[in-house]
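Notes follow once the structure below has been shown.
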Amino acid sequence: MARRASERPSTRRTLTAWPTDGLSYGGDYNPEQWSPDVWREDVRLMREAGVNIVTLGVFSWGLLEPREGEYDWGWFDEIIGLLHDAGIAIDLATPTAAPPGWLLHAHPEILPVDAHGGREQPGGRLGWCASSPVFREHALRITRALAERYSDHPAVRLWHVSNELGGGNGRCYCDVSAARFRDWLRVEYGTVEAVNAAWGTAFWGHTFADIDHIEPPRGEKHKANPGLSLAFERFSSDELLEHYLAEAEVLREHGDVPVTTNFMVGSGGHVVDYSDWAKHVDVVANDHYTIVDDPVREQDLAFAADRMRGLTDARSPWLLMEHSTGAPSWQVRNRAKAPGEIVRNALTHVARGSDGAMFFQWRASTAGTEQFHSAMLPHAGTESRVWREIVQLGDALRRLRVIAGCPVEPAKVALLVDEESAWALRQGLKPHRALQYSREARLWHRVFWQRQVLVDVLPVDADLDGYDLVVLPTLMIVSDAQAARVDEFVRGGGTALVGYLSGVLDETGRVRGGGYPGAFRDLLGVTTEEFRPLQIYETVRLSDGAEVTDWSEDTNLHGAESVITYADGDSVGRAAVTRNAVGDGTAWYISAPLPLDSAARIADRLIAELDLPRAVEASPAIEAVRRRTPDGDVLFLINHSNDDETVNVSGRSLLDDASFDSAAVVPAGAVVVLREGTAG
Amino acid sequence: MARRASERPSTRRTLTAWPTDGLSYGGDYNPEQWSPDVWREDVRLMREAGVNIVTLGVFSWGLLEPREGEYDWGWFDEIIGLLHDAGIAIDLATPTAAPPGWLLHAHPEILPVDAHGGREQPGGRLGWCASSPVFREHALRITRALAERYSDHPAVRLWHVSNELGGGNGRCYCDVSAARFRDWLRVEYGTVEAVNAAWGTAFWGHTFADIDHIEPPRGEKHKANPGLSLAFERFSSDELLEHYLAEAEVLREHGDVPVTTNFMVGSGGHVVDYSDWAKHVDVVANDHYTIVDDPVREQDLAFAADRMRGLTDARSPWLLMEHSTGAPSWQVRNRAKAPGEIVRNALTHVARGSDGAMFFQWRASTAGTEQFHSAMLPHAGTESRVWREIVQLGDALRRLRVIAGCPVEPAKVALLVDEESAWALRQGLKPHRALQYSREARLWHRVFWQRQVLVDVLPVDADLDGYDLVVLPTLMIVSDAQAARVDEFVRGGGTALVGYLSGVLDETGRVRGGGYPGAFRDLLGVTTEEFRPLQIYETVRLSDGAEVTDWSEDTNLHGAESVITYADGDSVGRAAVTRNAVGDGTAWYISAPLPLDSAARIADRLIAELDLPRAVEASPAIEAVRRRTPDGDVLFLINHSNDDETVNVSGRSLLDDASFDSAAVVPAGAVVVLREGTAG
Amino acid sequence: MARRASERPSTRRTLTAWPTDGLSYGGDYNPEQWSPDVWREDVRLMREAGVNIVTLGVFSWGLLEPREGEYDWGWFDEIIGLLHDAGIAIDLATPTAAPPGWLLHAHPEILPVDAHGGREQPGGRLGWCASSPVFREHALRITRALAERYSDHPAVRLWHVSNELGGGNGRCYCDVSAARFRDWLRVEYGTVEAVNAAWGTAFWGHTFADIDHIEPPRGEKHKANPGLSLAFERFSSDELLEHYLAEAEVLREHGDVPVTTNFMVGSGGHVVDYSDWAKHVDVVANDHYTIVDDPVREQDLAFAADRMRGLTDARSPWLLMEHSTGAPSWQVRNRAKAPGEIVRNALTHVARGSDGAMFFQWRASTAGTEQFHSAMLPHAGTESRVWREIVQLGDALRRLRVIAGCPVEPAKVALLVDEESAWALRQGLKPHRALQYSREARLWHRVFWQRQVLVDVLPVDADLDGYDLVVLPTLMIVSDAQAARVDEFVRGGGTALVGYLSGVLDETGRVRGGGYPGAFRDLLGVTTEEFRPLQIYETVRLSDGAEVTDWSEDTNLHGAESVITYADGDSVGRAAVTRNAVGDGTAWYISAPLPLDSAARIADRLIAELDLPRAVEASPAIEAVRRRTPDGDVLFLINHSNDDETVNVSGRSLLDDASFDSAAVVPAGAVVVLREGTAG
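Protein chains in written order, with the UniProt record's numbering: chain A, 1 to 680; chain B, 1 to 680; chain C, 1 to 680.
Shown next, in the form of structure tokens:
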């Protein structure tokens, strides 16, 4: 191992052409479940719906290579031919997410092992250890065979490496992984002394005499040394990235078809650190599913899309590779979508930079684990609301083709997220182990989203040039360099809003001494001398009348002014929210999980003080974003309420050619997309 | 393996005589816990209580065969002699539920292995894998030895094979079981291609190249292929049945004593499919315990009894082998019974077809795992309410001996239940994984039970002749033939009431395409295009004012009329309950989990329209059932309320010789059993 | 194994001198985490705070013996020298709680194995099986090396064997432990027949043919034979005690420095039976941490302290070895202390007999598993409330040195606790598996604590001479001899208050027949014929207006009078609380978990009837205890309320030299310590 996978230079190749003409529309297509006559009906219905691309081959390994080294291409050739003849592009998947039964039978040692030593059983997805040389050899052989056969096929417009890498094999604690982990430690730290120093192993007497004595953090995770845990998380992301890179390299050796893999980007922490991965995919692609008990699912869509945009170069288009037409089946109570929700959800992603909207999957399975997962063509067939909305969406995307390739308007607000902080928060002993990493990120995104202020959700290392406000929610791990860049941003005139628990740890996971929030203490002009986690039944009142739960702090002012104070409880009289003038800028500290109203008042003040641009001035129920085309802006207005809403805009509707002189009515639950300018 | 155990022809032998004269009364007797002087006191007290049968030997293996092949019969002979001398019949158990310590020490490989690879530890019950040839050999040797010694003993009136088969060893995932499972698959499917087709393994790329590559569904159950899960459930039931049949065969080779084993039949899904087992026992016997958090425990008793009756030939008597006099100890908070509850509970079973009432166990243990389980003779001894009620119950059963051998009156309502549907509902990814199989079955049984309308709870393959109404609650798996029989029943003039999620899967567990409820779509004249599971905090209002939780559907009418509609929510305006005239009959569809009031109104309408017979017309607190004797009907009236209730009947009380001219007062919490006819 | 470790005669050596002059003040000091310049700052700050002792070496093994048999003493010598030069005593720990990485790498078999066969992974504390001969050898070698080097060092004033023995390795189910367990059984029972008889193995057919066939109670604990479970708990305590004794013996061979180990005594059941251990430590020492969801944490402190006093000879001083200055990190939501709470908590222990107050740890770690655990010197440094209170506490302890070595005033109330009863209650099938052992003990302690009546919390075998009242809460296991001593106490004029579930089991864990509460039936003049556990939603009203949850009983009077009856529910009309005159004394039975008010009324009656002494007569918010010095009594008054409280006392404040003529105001949250007598 010469260097960490995450530190390799970008392997991204510049896109010569987007995989489809116009916006991409389609879904996963798993025809091996069906007979050839169904294939023909599928293609006919795809055309009816306006589908122009499908992802093929995700689960085909066992049928393409029924025995080791023996291939059966005939049926696959036929399907590819049918699609090509119908003008449907193919996003061709290497089938490595689903190792064939013969491979698992011959090599059960490739199955991942959990932290308690249990080896995963066949029957899931991604049943392989990313460090397994046996699996790697087999995976690259089928990848090579597929590339040799289809890389020049004109229908193949995109390579789709495996599927949701890490979704099932995100961590492996087997002995092969352990040996690789030790190699990784040697690269990262050099000597055992450096490991001991970084992890503070002297505590609990865990000093290692040799890197060979180190094992992954097996057993109960919350007892592990936090430095070890963090290193193992980084290693695991790197190992999966190594696998991706190995497959991608084979594909790239065989031609110029762009290469992607489908990320799983949402609000929370992720299984891998996509900020290291994004530079290696030619098209940044995402799978996104809402969670039933998320009370603001529509904002989760916007958040994920804004975060995907933050993973692209120059905010260029990305691709929504999977979402759903209705209920998935992997949740306990799987929610169906409401009428109109399919279109709203898809266009939220498109408005925020996706050049397409794809689904899992084309036709609902009747068997297999996901037999109850929704699809573009449901069990009920074409006589269904879902199908009618799918046809309607296909029509809408065709009408919106003018935005293809065009960027979203620039944002003035950046919100920094970081996988490592999310990992750190959820692992090991913490002041409060039940805090959710996404809580603060979602809160601050939400107050701006409700005010039609666009937010770029960025990796912590992103460039802050051009932004007026940067928000750092629960950014627990911060390096000196990262902290210095925020400091510089503020001194240069920017405004930073720093949430509790930010800056507390350095990049090795050690607490920064001298009082919290460590790295940002000077910038913020405050010191927290003690955290006060609240019990599940406790609330603390603030001076603005709000009540906070879960967390509070004993904060001292060192130059900052207090904006909101604690009005009762053991921290009574101390500052809960502070504001500090620094250089030409301002730095806010938020020491408590504010309720929505409190955060909204702060957002209003920041919008006013910083003159942050709103896409439109409308009700909080209206989501509004612009994409910039050479012919002017295209404005998306999405009404999330059950009432019609009027918005003061003028232009021509792209979806139905209606014109608006000075105001547009966006019907309840509807989407209006305007070419702005004089109506007509 | 020539054929599946469940497909073997019946081995039931016609009963020449019921094990006791009159109704059976007694319990499990485990004298090895006590000294010989206690045995003598036991027999004396049994006679005082009217006990005429005990189950002996369940836990005696290690004492009867203290070392492999060496037997110690003396103490057992003595006990059998004591009982016989006292005129107490013996239900003699093969002791195979409790393998001796020396066997587990010598052969730990017979212990079952769970889905995660953990081998069960010695110290429980049924600590053996049903597929183990080693255990089988030892079990049949002690069975043979026991049969040779006691099959001609006049006190031995019933053989009791092992104990609660499957209660502890219902599923085994060891390698021996896995090999047997593959043999079973070869019998069931023939080829690996047939397996792949039936299970739809193409999805998630799980196509098997060889049956030898198939393993049991180890690991997290909800991720497994549903076809594989279902096959493994069927296999597991078959393996336990094989074991039962092997022991039964040995016993039957030694004489004509009837053979039984104690089922564990309740409201929910069972560990094995008793509908396959019932034809192999000479007496159908049951163990029944209520669950503390069941809010209508008294109906659970009735439901289980009605279900037991549905497992007998021609609704002939069955036997309640175990229930409790008070608190068990295997629940977290074990509920004692209220005064009078012992008698009410026992007579509920008797009224509904049990020719006896037996308990676990005779004398409360002072040591061992169940040292706090209630018993006929409690820790407190005879100076106790429990003992007085046991004596009272013995007296009541003696007075009711006229009903012995007599059938329960015929029911006009059949309610179909199916283990496979219960298994399917609880395993794998589902639209809603928290639904309870028993919810709908209990609901519809309850509304009729409250109206004194008798319901036969039948296996799905049962004959429907003679019924006016058949209820199919959550009958998820239905074969074409089963669906056709329901169709024929309705066209011939019957009424069917079909609950949500019925008919959705075929017999291999595949979704039936074209819209739900698949197999019953045409019969019902509706199509559900999409399920709408409700979240834990969601309710939907219906047009009849009721509110439903958990589940709703987007149903379209294709000929049916809407009886109740959804009044709000995403399905607003659609039908929630429908009614369809088909041939000479009617088919109802219930797309939502109705609350009790809604279901009660439908029950009232069905009772009126179909003229369904009520045993009596009384308050819902009165449970009423008749048994038919050659000398006329015997009516059981059980008052579940805290108030006296008056019922318009005439006849003579069998329990206390009181006479009723035209009305009987059933005191609060009491049971009245009437020989109907002119009073006196 | 010649005899059980717990049965060995005392090895306690009489203390020639307390480890410090005056009260001990300090904490765990783990300098290996820091650089030598920090060590010097540490010593300076320790002096500033008044620290006079630190516990050193707990986590130092891997650094003191970096490779097997090779020692590095230099850095340790330096630290010991620095401390000694500053006049700070050393409580020197054998570092065996933290085996070095090289030992775990070479001998992973020393790691404990859980009940399901999972071997613990390196990375925690106490990662070793107490039965491992390999670990023992290594542990005694480092102990010997340490003793040889430092036993004569003048700074070393106390030996601290390992750390919190059992906290992480309380139970080990490995094969080495299993073999040792069988040896233990041979010592305890002699023959397999005796085992079978004691455990009632005939039930469930578990009769053992040979002790060699017995395994630890692996698997699901609640299914195990209760006799086996109890024996394994006793064995496990004995094995850890054996380890302690082996280390202590090595230390004692090297000189006269007193030896201790830090217990973990609280309200609940403990991992080992400290009543067997206390006689083997020269100073009885405790670690105490409150639990965040304990609603009366201040009473938990008093309870633990009163229990520690009960473990000493003649109520002599003990030592609080660890508590916390604020939030620990091992709970889910770790509570910080309120202002003033540090002093209140520490002085609660001192008032009740601790001759010192020590903390974990001196300086907050920045890395390692406990990087967020509070400390005397927090992350924020000396500019913090915590530091200011630590300095204040140091000053207070210096002022209180007059009480060093002096006893707490004698108590007239004894409350008996028993580990074995706690183990029995929480393991195996029980009438109610959710009952908490500490519930009743805390309740009765609390009503007296609120009334300033001192309670000695004693092991069940303690001498009852001199007490007026003895309380037996949930004393499930009682031997005949123990029961006889209570009987004798009452007949001799004492009063006993016996809680539900007491006396139910004999010392082998068998139910005592003939009705509950078995051993105390005659003494109490009652018989409970049936337990009535209440469901989670159930309450039962009492005749005194109170409502009880969780538990009730069907109790019959046999001579006792009923004091409170059940006013509704299935036990309506029966006695809930009874009182029985026996000999010259009185015996109360409490059959239900009384709410605080009911218990308080009973406490008031007992205080009046028995004339129990109150330290002062004050509000329930005032905690009051005296220590007896040769110069008169020193009264501690601790105000737990948010209001100032006035107490009628006179004397001179030791903390600030204020004088009180007839009444002292104890400010809200404050502690007043008075030298009683004429003010000034």
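Ideal Cβ placement from N, Cα and C applies to all residues, glycine included. What you are looking at is a predicted structure, and each value in this text was computed from that prediction instead of being measured.
Exposed or buried, B:ILE536, counting other C-beta atoms within 10 Å across all chains shown (16 or more means buried)? Translated into the one-based positions of the second sequence, residue 536 of chain B becomes position 536. So B:ILE536 counts as exposed.
For the alpha helix (DSSP H) that A:ARG675 lies in, which residues bound it at each end? Position 675 of the first sequence, counted from the start, is the residue given in the question as residue 675 of chain A. Unbroken run through A:ARG675 is the beta strand (DSSP E), 671-676; no alpha helix (DSSP H).
Closer than 8 angstroms, Cβ to any Cβ of chain B: which residues of the segment 582-601 of chain A, in chain order? none
At least one CB of chain A closer than 9 angstroms to the CB of C:GLU538: is that the case? Here residue 538 of chain C refers to the residue found at position 538 when the third sequence is read from its first residue. Taking Cβ atoms only, chain A never reaches closer than 9 angstroms to C:GLU538, which makes this a no.
If you drop the 5 nearest sequence neighbours on each side, which residues of the same chain put their C-beta closer than 7 angstroms to that of C:GLN450? In the third sequence, the residue the question calls residue 450 of chain C occupies position 450. Closer than 7 angstroms at Cβ, skipping near neighbours: PRO620.
Which listed residue (B:ARG398, B:ASP114, B:ARG186) has its alpha carbon closest to that of B:GLY219: Taking the first residue of the second sequence as position 1, residue 219 of chain B is located at position 219. Answer by Cα proximity: B:ASP114.
DSSP three-state assignment for B:ASP480, whether helix, strand or coil: Translated into the one-based positions of the second sequence, residue 480 of chain B becomes position 480. Of the three classes helix, strand and coil, the one that applies to B:ASP480 here is helix, per DSSP.
Which parts of the segment 36-75 of chain A are runs of the alpha helix (DSSP H), unbroken and 4 residues or longer, counting only runs that do not cross its ends? 36-49, 61-64
Going by other Cβ atoms of all chains shown within 10 Å of its Cβ, with 16 needed for buried, is C:VAL265 buried or exposed? As a working note, residue 265 of chain C is residue 265 in the third sequence. C:VAL265 comes out buried.
For B:GLY651: DSSP bridge partner residues: Within the second sequence, numbered from 1, the residue matching residue 651 of chain B stands at position 651. DSSP lists B:PHE660, B:GLU676 as partners of B:GLY651.
Taking 8 angstroms as the threshold, find out whether the segment 90-97 of chain C comes into contact with the segment 156-164 of chain C through three or more Cβ pairs. yes
What residues of chain C sit near A:LYS223, judged by a beta carbon separation below 8 angstroms? Taking the first sequence and counting its residues from 1, the one referred to as residue 223 of chain A is at position 223. Those are GLY123, GLY124, THR369, listed as they occur along chain C.
At the level of alpha carbons, what is the spacing between C:SER365 and C:TYR500? Translated into positions along the third sequence, residue 365 of chain C becomes position 365. Translated into positions along the third sequence, residue 500 of chain C becomes position 500. Each residue's alpha carbon lies about 46 angstroms from the other.
Could you check the C-alpha separation between B:GLY680 and B:VAL470 for me, to the nearest Å? Here residue 680 of chain B refers to the residue found at position 680 when the second sequence is read from its first residue. Here residue 470 of chain B refers to the residue found at position 470 when the second sequence is read from its first residue. Confidence at B:GLY680 is low in this model, with a pLDDT of 48, below 50, so the placement of that residue should be treated as unreliable; the coordinate-derived value is given next. Their backbone Cα atoms lie some 39 angstroms apart in a straight line.
Would you kindly check if the distance between the Cβ of A:MET376 and the Cβ of A:GLY118 is under 9 angstroms? Taking the first residue of the first sequence as position 1, residue 118 of chain A is located at position 118. Taking the first residue of the first sequence as position 1, residue 376 of chain A is located at position 376. No, Cβ-Cβ distance for A:GLY118 and A:MET376 is not below 9 angstroms.
Could you tell me whether the Cβ of B:GLY680 comes closer than 9 angstroms to any Cβ of chain C? By one-based count along the second sequence, residue 680 of chain B stands at place 680. The predicted position of B:GLY680 is uncertain, since its pLDDT is 48 and thus under 50; a value taken from the coordinates is nonetheless stated next. Judged by the 9 angstroms Cβ criterion, B:GLY680 is not in contact with chain C.
Straight-line CA distance for A:PHE489 to C:HIS105? On the first sequence, position 489 is the one that residue 489 of chain A refers to. On the third sequence, position 105 is the one that residue 105 of chain C refers to. Each residue's Cα considered, the two are about 48 angstroms apart.
With a threshold of 8 angstroms, are at least 3 pairs of Cβ atoms found where one atom belongs to the segment 601-614 of chain B and the other to the segment 516-523 of chain B? no
Status (buried if at least 16 other CB within 10 Å, exposed otherwise) for C:ARG574: Start at 1 with the first residue of the third sequence, and residue 574 of chain C comes out as number 574. When all chains shown are included, C:ARG574 counts as buried.
Which class does A:SER365 belong to by DSSP, given the choice of helix, strand or coil? Within the first sequence, residue 365 of chain A is the residue found at index 365, counting from 1. Three-state result, A:SER365: coil.
For a contact defined as C-beta to C-beta under 8 angstroms, what are the partners of A:ASP570 on chain C? As a working note, residue 570 of chain A is residue 570 in the first sequence. By Cβ distance, chain C contributes ALA336, ALA338, PRO339.
At a CB-CB cut-off below 9 angstroms, which residues of chain A make contact with B:VAL511? Numbered from its first residue, the second sequence carries residue 511 of chain B at position 511. Residues of chain A passing the Cβ test: ALA364, SER365, THR366, ALA367, GLN371, PHE372, HIS379.
Going along the chain, which residues of its own chain have a beta-carbon closer than 6 angstroms to the beta-carbon of A:PHE303, five neighbours each way excluded? Here residue 303 of chain A corresponds to residue number 303 of the first sequence, with the count starting at 1. The answer, listed in chain order, is SER267, HIS445.
Using a Cβ-Cβ cut-off of 7 angstroms (strictly less than) and excluding sequence neighbours within five positions of A:GLU389, which residues of its own chain qualify? Numbered from its first residue, the first sequence carries residue 389 of chain A at position 389. Answer for A:GLU389: ILE342, VAL343, listed in chain order.
Cα-Cα separation, A:ASN196 to A:ARG180: As a first step, residue 196 of chain A is located in the first sequence; it is residue number 196 there, counting from the start. As a first step, residue 180 of chain A is located in the first sequence; it is residue number 180 there, counting from the start. Looking at the two C-alpha atoms, the distance is approximately 19 angstroms.
For C:VAL391 and C:GLU48, believed in contact at Cβ under 8 angstroms, the rounded distance: Within the third sequence, numbered from 1, the residue matching residue 48 of chain C stands at position 48. Within the third sequence, numbered from 1, the residue matching residue 391 of chain C stands at position 391. Right, their Cβ atoms sit about 7 angstroms apart.
Run down chain C in chain order and give the residues with a C-beta less than 7 angstroms from the C-beta of B:SER60. Here residue 60 of chain B refers to the residue found at position 60 of the second sequence. Per Cβ cutoff of 7 angstroms: GLY205.
Does the beta carbon of A:SER384 come closer than 9 angstroms to any beta carbon on chain B? Taking the first residue of the first sequence as position 1, residue 384 of chain A is located at position 384. Answer yes: the Cβ-Cβ gap between A:SER384 and chain B drops below 9 angstroms somewhere.
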